[in-house]
Amino acid sequence: MNFDKETQWIELVKEYDDSIALESLVRRYRPMIDNMYIKFFIDSYDKNDWYQEAFIVCYQTCCLFDGQNGSKFGSFFKMKFQNHIIDIIRRENAVKRRANIRTESYDNLVINGTIDDLTTENDNWLEVSNQIERILVEMSSLELLAFQFLLGKISLKDACESAQCDVKQIMRAVGRCKNKIKKSK
Numbered sequence: 092m093n094f095d096k097e098t099q100w101i102e103l104v105k106e107y108d109d110s111i112a113l114e115s116l117v118r119r120y121r122p123m124i125d126n127m128y129i130k131f132f133i134d135s136y137d138k139n140d141w142y143q144e145a146f147i148v149c150y151q152t153c154c155l156f157d158g159q160n161g162s163k164f165g166s167f168f169k170m171k172f173q174n175h176i177i178d179i180i181r182r183e184n185a186v187k188r189r190a191n192i193r194t195e196s197y198d199n200l201v202i203n204g205t206i207d208d209l210t211t212e213n214d215n216w217l218e219v220s221n222q223i224e225r226i227l228v229e230m231s232s233l234e235l236l237a238f239q240f241l242l243g244k245i246s247l248k249d250a251c252e253s254a255q256c257d258v259k260q261i262m263r264a265v266g267r268c269k270n271k272i273k274k275s276k
């Protein structure tokens with residue numbers, strides 16, 4: 092029986108956990124993986140993280156794939172990888188939402204008398220303000236636009252037009268802004 096290279100790689104991965112065959116498969120589907128990287132944004136994921144996920148999903152896909160019924164490995168891998176990425180994004184968003192479940196507006200707390208507005212002035216406001224200024228000075232013009240988008244001051248479309256760039260670049264700049272803020276703590 093004459094197997095093409097892809098089928099041989101799949102069998103090597105499935106039967107012998109062959110890392111060279113797995114790497115060859117991931118390299119073959121690199122354009123699809125790169126397109127997913129552009130299409131989806133996962134906070135704190137760089138290209139190396141993205142490819143690590145691709146290796147994991149490709150291995151799992153090889154173990155599950157049965158080409159006997161005429162299905163194509165490429166489309167099966169693409170579907171599994173896209174679903175995997177969407178699951179990661181859902182988990183990330185669920186963690187973000189968890190913090191908002193028991194929150195209440197500061198204004199409502201003041202109105203209800205739970206917090207006295209005059210006694211809760213933040214003595215550290217000046218320090219926080221100075222810290223924000225230091226962070227802003229370190230940001231590039233693209234990051235400043237992304238920061239404005241992050242704060243809801245401008246729309247994503249306006250940020251892209253002002254910076255003369257695409258959505259992907261703005262979203263990466265948003266990620267860099269978040270990292271700079273986290274590092275300043």
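Residue numbers (our numbering): 92 to 276. A virtual CB, placed ideally from N, CA and C, is assigned to each residue, including glycine.
Within 7 Å, strictly: CB atoms of residue i and residue j
i	j	result
Ile-129	Lys-259	yes
Phe-164	Val-117	no
Cys-268	Ala-237	yes
Lys-105	Cys-153	yes
Rounded Cβ spacing between residue i and residue j (contact assumed at less than 8 Å)
i	j	result
Arg-119	Glu-97	7 Å
Leu-233	Ala-264	5 Å
Lys-169	Met-123	6 Å
Arg-225	Ser-162	Going by Cβ atoms, the distance from Arg-225 to Ser-162 rounds to 55 Å, so no, they are not a contact pair.
Val-183	Asp-137	Here residue 183 turns out to be Glu, not Val, going by the sequence shown. Contact doesn't hold; Cβ gap of about 15 Å is too wide.
Gln-99	Met-127	Their Cβ separation, rounded to whole angstroms, is 25 Å, which puts Gln-99 and Met-127 out of contact at 8 Å.
Neighbourhood of residue i by C-beta, 6 Å cutoff - its chain only, sequence neighbours within 5 removed
i	result
Asp-125	none
Phe-132	Met-262
Lys-171	Val-148, Thr-152
Trp-141	Tyr-128
Ala-250	Leu-236, Phe-240, Ile-261
Tyr-107	none
Asp-95	none
Cutoff 8 Å; reference residue i; Cβ partners in own chain excluding five residues on either side
i	result
Leu-241	Val-265, Cys-268, Lys-269
Ser-71	Shown here, the chain extends from 92 to 276; a query on residue 71 therefore has no answer.
Ser-253	Leu-236, Ile-245
Lys-271	Ile-226, Glu-229, Met-230, Glu-234
Arg-181	none
Own chain partners of residue i with C-beta closer than 7 Å, once the 5 adjacent residues on each side are dropped
i	result
Phe-167	Thr-152, Phe-156
Lys-273	none
Unbroken stretches of the alpha helix (DSSP H), 4 residues or longer, contained in the stretch 217-245 = 232-242
Is it a yes or a no for the stretch 107-114 touching the stretch 155-167, going by three-plus beta-carbon pairs under 8 Å?
-> no
Completely contained alpha helix (DSSP H) runs for the stretch 250-276, where each covers 4 or more residues = 258-275
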